[in-house]
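In the working numbering, the protein residues as written are -3 to 131.
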């Protein structure tokens, strides 16, 4: 079994730990961290924005960090989604799934950081090479 499958299986098992959380524990986490539906989109938006900014600043050294970032992002996303489903199945209240879904949103934000960095950096380099050919 390769490393990616092992990480996803382990993250799924860790995500099931949310299943053992009581309703009071989940409510206290939501209150302590001031979680809401709006906050679910913030890590995703920050991932896209920071990836674009790093590409515009041409931080090419970040490309060597992308494979581990994508592995961590897949693990965190799997943990959050599995945990969100487990919380919903146990408590039958979707609002209590906010803590694990927030974790999943952080994983998606990390992944979108990697995607936006590589795509925009590749586009910038392709346009600069086209300009050099035309000149």
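Yeah, the Cβ is synthetic: ideal placement off N, Cα and C, and Gly gets one too. If you're wondering where the values come from, they're calculated on a predicted model, not measured in any experiment.
Three-state secondary structure assigned by DSSP to residue i
i           : result
residue 131 : coil
residue 89  : coil
residue 119 : helix
residue 75  : helix
Nearest-angstrom Cβ-Cβ length linking residue i and residue j, presumed shorter than 8 Å
i           : j          : result
residue 111 : residue 47 : 7 Å
residue 108 : residue 43 : 4 Å
residue 68  : residue 22 : With a Cβ gap of about 24 Å, residue 68 and residue 22 do not count as contacting.
Residues of its chain near residue i, where Cβ-Cβ distance is below 7 Å and the 5 sequence neighbours each way are ignored
i          : result
residue 87 : 19
residue 66 : 107, 110
Residue-chain proximity (residue i, chain B), Cβ-Cβ < 8 Å
i          : result
residue 56 : Absent from the structure is chain B; it holds one protein chain and no more.
Same chain only: Cβ atoms within 8 Å of residue i, ignoring 5 sequence neighbours per side
i           : result
residue 54  : 117, 120
residue 59  : 113, 114, 117
residue 77  : 11, 96, 97, 100
residue 6   : 71
residue 104 : 39, 40, 43, 69, 73
Neighbourhood of residue i by C-beta distance below 6 Å, restricted to the same chain and skipping five residues each side
i          : result
residue 14 : 79, 82, 83, 96
residue 94 : 26, 31
residue 51 : 113, 116, 117
Which ranges would you report for the alpha helix (DSSP H) in the stretch 4 to 59 if only whole runs of at least 4 residues count?
-> 19 to 28, 33 to 52, all fully within the stretch 4 to 59.
Cβ pair count under 8 Å reaching 3, the stretch 97 to 107 against the stretch 19 to 36 | yes
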